[in-house]
Amino acid sequence: MVETKIAVLMTCHNRKESTLACLDSLKGQENIDNIRLSVYLVDDGCTDGTGDAVKNRFPGTIVLQGTGDLYWGGGMRLAFGEALKKDYDFYLWLNDDSLLYPHAVRTLYTTSCRLKNETGKECIVTGAMHDAATGALTYGGSRKIRSWSPLSYRLVPPSDQPKPCEVINGNCVLVPREIAALVGNLSADFTHCGGDYDYSLRAGEHGFSSWVAPGYAGTCSRNSLKGSLKDNSLPFQKRVDRLTRPNAMIPAAEWMLFIKRHGGRLWPIYWLRTFIRKQFPWLWVLLRSRKVYESR
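Residue 217 in the working numbering sits at position 218 of the sequence shown, with consecutive numbering throughout.
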């Protein structure tokens, strides 16, 4: 039996219990006798003992030390870069707050193999995630809402068959070796958000398609709006200050770059809107607050 080698790429920052639970769900994968998983986990300055706890419970994990300010993009780039030095067949991006169903890895792998046979090319396969409490679709793959609006996407609900998508969330994604060799690592242009979308779009430029695997791969809740810049109960200035946090919203300069790279012919319009956010953050928050209020 030919063994398939998959590098699992993760990054964490002070979410010890979530990280351990995620790794427990990975350890519980079923029907993967011919698959060998190697976990690369970036401990990005954790002060809650996550790295040591992982080493104790999962001794085979390759724990890499971050600087404490890598965020998702930097942490995943570090893990990806280390794994690319070895000869793996696939690279599995996995968020540390995701809980995989026992069939997740097998489904991603078999879907990838099936799509390669059907399309004649390697494909990126993402696993759809949903909220454990409500069952609502939270992450996965998305398609354009309107053909003329290149930056407006809507999540694709999974079915019993693979479904094509255009961009992916990086929560649970299987990238074949051939695609990783051509597209390379996640872009250093994106600190926290945007790197996953950018990667799938760059893969598309190389002729590789992205797909949502059948069914749900696991559970992963969306981040709470409480305390975020969308929380209208926060004082106005605090919401403005949160715009400077890369994990609160993609920084304006990074989004402007994304727009120029992937915005099509209408990119100047989107660029101008984001330029206003960059130059006048208070105005952007004010208008957004009014929009939220009026939609209630």
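Where is the CB? At the ideal position from N, CA and C, for every residue including glycine.
Residue range of the unbroken beta strand (DSSP E) whose run includes residue i
i	result
Arg35	34 to 42
Cys171	171 to 175
Thr190	Counting along the chain, Thr190 falls outside any beta strand (DSSP E), and DSSP gives it neither H nor E.
Lys302	Shown here, the chain extends from 0 to 295; a query on residue 302 therefore has no answer.
Ser97	Counting along the chain, Ser97 falls outside any beta strand (DSSP E), and DSSP gives it neither H nor E.
Tyr138	136 to 138
Leu77	Segment 70 to 82 is the alpha helix (DSSP H) holding Leu77; no beta strand (DSSP E) there.
His129	123 to 129
Ala62	The question names Ala, but residue 62 in the sequence shown is Val. That run of the beta strand (DSSP E) goes 61 to 64.
Member of the options whose CA lies at the smallest distance from the CA of residue i
i	options	result
Phe189	Gly65, Arg35, Arg76, Gly263	Arg76
Gly206	Leu185, Asn184, Glu177, Cys192	Glu177
Val7	Thr118, Asp95, Leu271, Ala52	Asp95
Gln160	Thr125, Val166, Val182, Asn184	Thr125
Leu136	Leu154, Lys120, Ile144, Ser146	Leu154
Met0	Ala20, Leu19, Leu22, Ile31	Ile31
Gly80	Tyr39, Asn55, Val104	Tyr39
Tyr138	Thr110, Ala20, Tyr196	Tyr196
His191	Asp130, Gly72, Glu204, Leu181	Gly72
Ser275	Gly263, Ala251, Leu69, Leu99	Checking the displayed sequence, the identity of residue 275 turns out to be Ile instead of Ser. That would be Ala251, whose Cα lies nearest to the Cα of Ile275.
Tyr108	Cys11, Pro175, Tyr70, Leu265	Pro175
Val41	Ala78, Glu165, Arg56, Phe57	Ala78
Met248	Asn222, Arg264, Leu114	Asn222
Gly27	Val182, Leu181, Tyr100, Leu185	Tyr100
Glu121	Gly134, Tyr90, Thr133	Tyr90
Ala127	Gly263, Cys164, Trp147	Cys164
Val166	Gly183, Glu204, Gly134, Lys85	Glu204
Contacts around residue i, its chain only, beta-carbon distance under 7 Å, and the 5 residues preceding and following it disregarded
i	result
Gly67	Asp43, Gly44
Thr46	Asn13
Lys54	Thr60, Val62
Ala297	The structure shown has nothing for residue 297, since the chain only spans 0 to 295.
Ala20	Leu98
Asn246	Tyr70, His191
Local conformation of residue i per DSSP, three classes
i	result
Trp92	strand
Met248	coil
His261	helix
Lys162	strand
Met9	strand
Ser111	helix
Trp210	strand
Ile31	coil
Ala216	strand
Tyr152	strand
Leu181	helix
Ser141	strand
Thr106	helix
Lys4	strand
Tyr292	Low confidence applies to Tyr292: its pLDDT is 29, below 50, so where it sits in the model is not reliable, and the reading given next is rough at best. Reduced to three states, the DSSP call for Tyr292 is helix.
Close Cβ partners of residue i (< 6 Å) along its chain, the five nearest in sequence each way excluded
i	result
Arg289	Note on Arg289: pLDDT 43, under 50, position unreliable in the model; no value is reported.
Leu256	Asp188
Trp92	Leu8, Gly169, Val172
Lys4	Arg35, Tyr87, Asp88
Phe279	none
Cys11	Thr18, Thr49, Asp95
Leu22	Phe57
Whole-number beta carbon distance between residue j and residue i, since they are thought to touch under 8 Å
i	j	result
His261	Leu173	22 Å between Cβ atoms; not a contact.
Gly217	Ser141	Wrong, their Cβ atoms sit about 18 Å apart, outside the cutoff.
Pro157	Val211	5 Å
Glu330	Gly193	Residue 330 lies beyond the range of the chain shown here (0 to 295); nothing can be said about it.
Ile123	Ser209	4 Å
Leu83	Ala179	7 Å
Tyr269	His129	30 Å between Cβ atoms; not a contact.
Glu29	His102	6 Å
Tyr152	Lys143	6 Å
Pro213	Thr110	7 Å
Tyr198	Leu185	6 Å
Boundaries (first-last residue) of the alpha helix (DSSP H) holding residue i
i	result
Leu22	15 to 26
8 Å CB neighbourhood of residue i in its chain, flanking five on each side removed
i	result
Gly48	Lys15
Arg295	Low confidence applies here, because Arg295 scores a pLDDT of 23, under 50, leaving its location unreliable; read the following figure in that light. Nothing meets the Cβ criterion.
Arg145	Ser151
Leu25	Val7, Leu36, Val38, Leu93, Leu99, Val104
Arg113	Pro161
The ligand NAP heavy atom lying under 7 Å from the CB of residue i
i	result
Leu40	The model depicted lacks the ligand NAP and carries no ligand whatsoever.
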